[in-house]
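Before any comments, here is the structure.
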C-alpha cells in the first residue's frame, strides 16, 4: 500500500474515525456529484464498489441496484456490513480474488482509492476492473491530483493526504491505459468542495 498509517493519520484506519472526519469536512455534496454525474447508477445495475472502505457512499445510491463492496480492511468491512448489510454484500477481498469468482458488473467505481496504491497495483486494478465489466460497462474513479493552475492550498491538501500516491492527471491516465478500455474520459475538477481542492475523475468504458 502507498499510504501513511502512522502518527495522527493512523486513526483513520478505524471506520468510525474515517466517517467522523468525512462528516466534519462536509464531503457529502462532493460525493453526491460523484454518484449523480459520474457513476450514474440505473435500475437493476450490478455495481461494484472497489475499495469501499466503510461504504457510506451507498447512502447516495438507489435501492434498486445489486451492490457489492470489497476492501482489504476487515475493520471497514465489518463496519459496512453492520450498517449497510441490508443494502448489499461486503467482502474482505481484492479485485483479483473477486475476478476469480466469475462475477461481472455494469458499473465499477473507486472513490478515493487509487492514490493509496503504487503504480504496479494500480495497473493491476485497472486490468481486473476491465475484465469484470460487462460489455458497455464503466469503471469510474475519483482521486485527488496535482494539476496545473491549482490553488496552493489544494496542493497542500494533496500533500497531507493519507494516500502517498497522489498523481497528475496524465499519470492517472497512463495507468488506466494499461487496460484495453474502448475509451477513457476524464475531468479535473476544482469546484467540488467549499475549500480549494483538486480532484481527477475518469470514466473507463468497456468495449
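Numbering (this note's numbering), first residue to last: 19 to 225. We put the beta carbon where it would ideally sit given N, CA and C, even for glycine. Since we're looking at a predicted model, the values are computed, not measured.
Notebook entry, point to check: Since residue 93 is in the beta strand (DSSP E), which residue starts that stretch and which ends it?
Noted result: To locate residue 93, count along the chain shown from 1; it is residue 75. No beta strand (DSSP E) holds residue 93; the alpha helix (DSSP H) holding it covers 92 to 102.
Notebook entry, point to check: If you check the beta carbons only, do residue 87 and residue 73 fall under 9 angstroms apart?
Noted result: Numbered from its first residue, the chain shown carries residue 87 at position 69. Numbered from its first residue, the chain shown carries residue 73 at position 55. With a cutoff of 9 angstroms on beta-carbon distance, residue 87 and residue 73 are scored as near each other.
Margin query: Give me the residue from 120, 222, 64 and 212 with the minimum Cα distance to residue 107.
Written below: Numbered from 1 along the chain shown, position 89 holds the residue referred to as residue 107. Comparing alpha carbon positions, the residue from 120, 222, 64 and 212 closest to residue 107 is 64.
Item checked: Whether residue 77 touches residue 158 by CB criterion (9 angstroms) -> Here residue 77 is taken as the residue at index 59 of the chain shown, counted from 1. Here residue 158 is taken as the residue at index 140 of the chain shown, counted from 1. Not closer than 9 angstroms, so no.
Next item on the list: Could you round the C-beta distance between residue 89 and residue 133 to whole angstroms and report it? I think they count as a contact, below 8 angstroms.
Entry: Here residue 89 corresponds to residue number 71 of the chain shown, with the count starting at 1. Here residue 133 corresponds to residue number 115 of the chain shown, with the count starting at 1. The pair is not a contact, with the Cβ atoms about 15 angstroms apart (cut-off 8 angstroms).
Next item on the list: Could you tell me the distance, in whole angstroms, from the CA atom of residue 153 to the CA atom of residue 135?
Entry: On the chain shown, position 135 is the one that residue 153 refers to. On the chain shown, position 117 is the one that residue 135 refers to. Just so you know, the alpha carbons of residue 153 and residue 135 end up roughly 27 angstroms apart.
Notebook entry, point to check: So residue 79 packs on residue 92, CB below 8 angstroms; how close in whole Å?
Noted result: On the chain shown, position 61 is the one that residue 79 refers to. On the chain shown, position 74 is the one that residue 92 refers to. The Cβ separation is near 23 angstroms, so there is no contact.
Margin query: Measuring only the C-alpha atoms, how far is residue 185 from residue 49?
Written below: Working through the chain shown from its first residue, we reach residue 185 at position 167. Working through the chain shown from its first residue, we reach residue 49 at position 31. Whole-angstrom Cα-Cα distance: 20 angstroms.
Next item on the list: Using the DSSP secondary-structure output, state which residues sit across from residue 83 in a beta bridge.
Entry: As a working note, residue 83 is residue 65 in the chain shown. Residue pairing by DSSP leaves residue 83 without any beta bridge partner.
Check: With which residues is residue 221 paired in a DSSP beta bridge?
Finding: For the purposes of this step, residue 221 is taken as the residue at position 203 of the chain shown. Answer by DSSP bridge pairing, in chain order: 158 and 203.
Checklist line | Minimum C-alpha distance to residue 140 - residue among 53, 194 and 200 | finding: Residue 140 sits at position 122 when you count from the first residue of the chain shown. The option with the nearest alpha carbon to residue 140 is 194.
Note to self: I'd like the list of long-range same chain contacts for residue 56, defined as Cβ closer than 6 angstroms, with 5 residues on each side in sequence excluded.
What the structure shows: Taking the first residue of the chain shown as 1, we reach residue 56 at position 38. Close CB contacts of residue 56 within its chain, under the 6 angstroms cut and outside five residues either way in sequence, are with 158 and 219 (chain order).
Check: Do residue 128 and residue 210 have their C-beta atoms closer together than 9 angstroms?
Finding: The residue labelled residue 128 in the question sits at position 110 within the chain shown. The residue labelled residue 210 in the question sits at position 192 within the chain shown. When the beta-carbon positions are compared, residue 128 and residue 210 stay at least 9 angstroms from each other.
Margin query: Looking at the ligand HEM, does it come within less than 8 angstroms of residue 212, judged from the CB to the closest heavy atom?
Written below: In the structure shown, the ligand HEM is absent, as is every other ligand, since no ligand is present at all.
Notebook entry, point to check: From this set, 123, 52, 45 and 143, which residue's C-alpha is nearest residue 206's C-alpha?
Noted result: In the chain shown, residue 206 corresponds to position 188, counting from 1. Per the Cα distances, 52.
Checklist line | Reduced DSSP secondary structure (H/G/I, E/B, other) of residue 74 | finding: Indexing the chain shown from 1 puts residue 74 at position 56. Helix, per DSSP.
Next item on the list: Using beta-carbon positions only, say whether residue 183 and residue 112 come within less than 9 angstroms of one another.
Entry: Numbered from 1 along the chain shown, position 165 holds the residue referred to as residue 183. Numbered from 1 along the chain shown, position 94 holds the residue referred to as residue 112. The criterion of a C-beta distance shorter than 9 angstroms is not satisfied by residue 183 and residue 112.
Checklist line | Paired residues, beta bridge with residue 110 - DSSP | finding: As a position in the chain shown, residue 110 is number 92, starting the count at 1. Residue 110 is bridged to 89.
Next item on the list: Would you tell me roughly how many angstroms separate the C-alpha atoms of residue 231 and residue 170, rounded to the nearest one?
Entry: Nothing can be reported for residue 231, as the shown portion of the chain is limited to 19 through 225.
Item checked: Local conformation of residue 123 per DSSP, three classes -> Residue mapping note: residue 123 aligns to position 105 of the chain shown, counting from 1. Under the three-state reduction of DSSP output, residue 123 falls in the strand class.
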